[in-house]
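Novice:
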Ligand SMILES: [Zn+2]
């Protein structure tokens, strides 16, 4: 045999596309070429593959070697193609089949090799080095080739084995994979790493006082609503935000895998956890770090917060470009990073929690401290956040300065008790409409938000008084739906609507 065809995967955003690795051994002057938009690391694989084949006790074939990675227009990076290239060379040079007798061509390899998907970087000794983001590769293979068998280096295979329904084999070196391909000694199934127990999260009982903000946080958790907290420094905005993941339902297995896959793409260590992620980027974070970017696109903070919470403290201090870049992902639940040859897509379905001071110095309206800001500075500060972004935040709550009486009071309700109510409320929403209330669109609001007659007139009056837009009306309805669900009511009563219209931006 002079041609071997094997399958591998190239990473592009959160998808690992299928790549065909063709290895051809032809007559002519000795040479070794890799074609198909391979970047430097892939072209360097020639040297690694040559050394690994020799170190593993095989012969490096003489002749003209051409390796083609297709589709050719998809960029390919990293050394993960070393393994399919090396195995392809061994197959093409007949080193894995029974030795040819009487000058006949070597027998064809086992057709089962067509089901293999291989990825792994080779060291010069022939040992396999773990690959980046094995979960992304495994999730993609499970999605579009569920019958395939994935061969990965030991260390990566154990993570990939978390993906249900996929056969993953763990290999230590090229010689082991060669023995498997020749049918001599089969590779073991990868044993999945133990599913991690969720790390403890801070408890809501640590927050003293602030009953209004605690309630708003519970409503936000129950309906999946975004939340803006406005209050002076020390009022407890950051403490409350950090406790939101502990109020949310734990992630199911596929959500946890997806979140861990995004973290792996961002180069973070193994972060599989059943807890919704909590990300709190600093306001000086660049746009690329916030929404994702780079010449090889990497996910940003909004994707790392997928299925969890993105907390933006000091919201007006974020650059206008950063805040504008959030608008589309907030709507679409994903972010697309376009490059010259392709577009990488990352998920970004997160719950936004933002916090801001009432003015640049923070003490405006404080009973004791004096605000040193001019009206002009206050207006500029508030004006830094665009109306369209604020329109996408369902709940706006004002926190009063921390009261000394609260510190002496007994601790408040713990997270576990609140989470129980949140879970019950979420179950109601999913049973009724298959999604959280925060995701209800216009027509669905008409269908699922039946108003009692007095609630109807209260809502109309509130909208007239507040000169509210259609968007403001929808926001109030979604929040009222969640408040009614927390009470276990099907019809929205006037009290639910009255509470919902309170959660609006001051002055709007
Ligand atoms: Zn001030």
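Residue numbers (our numbering): 14 to 521. Beta carbons: idealized from backbone N, C-alpha and C, even for Gly.
1. Candidates 278, 500, 467: which alpha carbon is nearest residue 434's?
2. Can you give the Cα-Cα distance for residue 17 and residue 100, rounded to whole angstroms?
3. Looking only at its chain, what residues have a beta carbon closer than 7 Å to the beta carbon of residue 7, apart from the 5 residues adjacent to it on each side?
4. Less than 8 Å between the CB atoms is what I'm expecting for residue 492 and residue 412, so what's the real figure, rounded?
5. Under a three-way DSSP split, which group does residue 315 fall into?
6. With distance defined between alpha-carbon atoms, name the residue in 172, 204, 367, 199 nearest to residue 243.
7. Mapping DSSP to helix, strand and coil, what is residue 108?
8. If the criterion is Cβ atoms closer than 8 Å, does the pair residue 35 and residue 81 meet it?
9. For residue 322, which residues does DSSP report across the bridge?
10. Are the CB atoms of residue 184 and residue 109 nearer to each other than 8 Å?
11. Can you tell me where the alpha helix (DSSP H) holding residue 393 begins and where it ends?
12. Note down, in chain order, each residue of its chain lying with its Cβ closer than 7 Å to the Cβ of residue 24, except the 5 sequence neighbours on either side.
13. To test your reading of the DSSP string, which unbroken beta strand (DSSP E) runs of 3 or more residues are found completely within the stretch 216-253?
14. Using a 10 Å radius around the Cβ and a threshold of 16 neighbouring Cβ atoms, would you call residue 138 buried or exposed?
15. Quick check: what's the CA-CA separation for residue 64 versus residue 71?
16. Within the chosen definition, does the stretch 258-278 reach the stretch 389-397 through at least 3 CB pairs nearer than 8 Å?
17. Using the Cα positions of residue 164 and residue 130, report the straight-line distance between them to the nearest angstrom.
18. With a threshold of 7 Å (Cβ to nearest heavy atom), would residue 393 be considered close to ligand 1?
19. If you count every other CB in all the chains shown that lies within 10 Å of the CB of residue 115, and 16 or more means buried, which is it?
20. Is residue 25 a contact residue of ligand 1, with contact defined as CB to any heavy atom under 7 Å?
21. Please report the straight-line C-alpha distance between residue 361 and residue 458, rounded to a whole angstrom.
22. DSSP three-state label for residue 259, please.
23. Applying the 10 Å Cβ sphere with the 16-neighbour rule, what's the burial state of residue 369?
24. Counting pairs of beta carbons, one from the stretch 413-429 and one from the stretch 447-454, are three or more of them closer than 8 Å?
25. Per the contact definition of three or more C-beta pairs closer than 8 Å, is the stretch 462-471 in contact with the stretch 496-515?
26. To which residues does DSSP link residue 30 through a beta bridge?
Specialist: On the basis of the data shown:
1. The option with the nearest alpha carbon to residue 434 is 500.
2. 9 Å
3. Here the chain covers residues 14 to 521 and nothing more, so residue 7 does not appear.
4. The pair is not a contact, with the Cβ atoms about 18 Å apart (cut-off 8 Å).
5. The three-state reading of DSSP puts residue 315 in helix, counting H, G and I together.
6. 367
7. coil
8. yes
9. 291, 364
10. no
11. It spans 388-396 - the alpha helix (DSSP H) in which residue 393 sits, taken as one unbroken run.
12. 146, 149
13. 240-243
14. exposed
15. 10 Å
16. no
17. 6 Å
18. no
19. Any reading at residue 115 needs caution, since the residue's pLDDT is 43, under 50, leaving its predicted position unreliable; the model's value is listed next. Its Cβ having fewer than 16 others within 10 Å, residue 115 is exposed.
20. The answer is no for residue 25.
21. 24 Å
22. helix
23. buried
24. no
25. yes
26. Per DSSP, 23.
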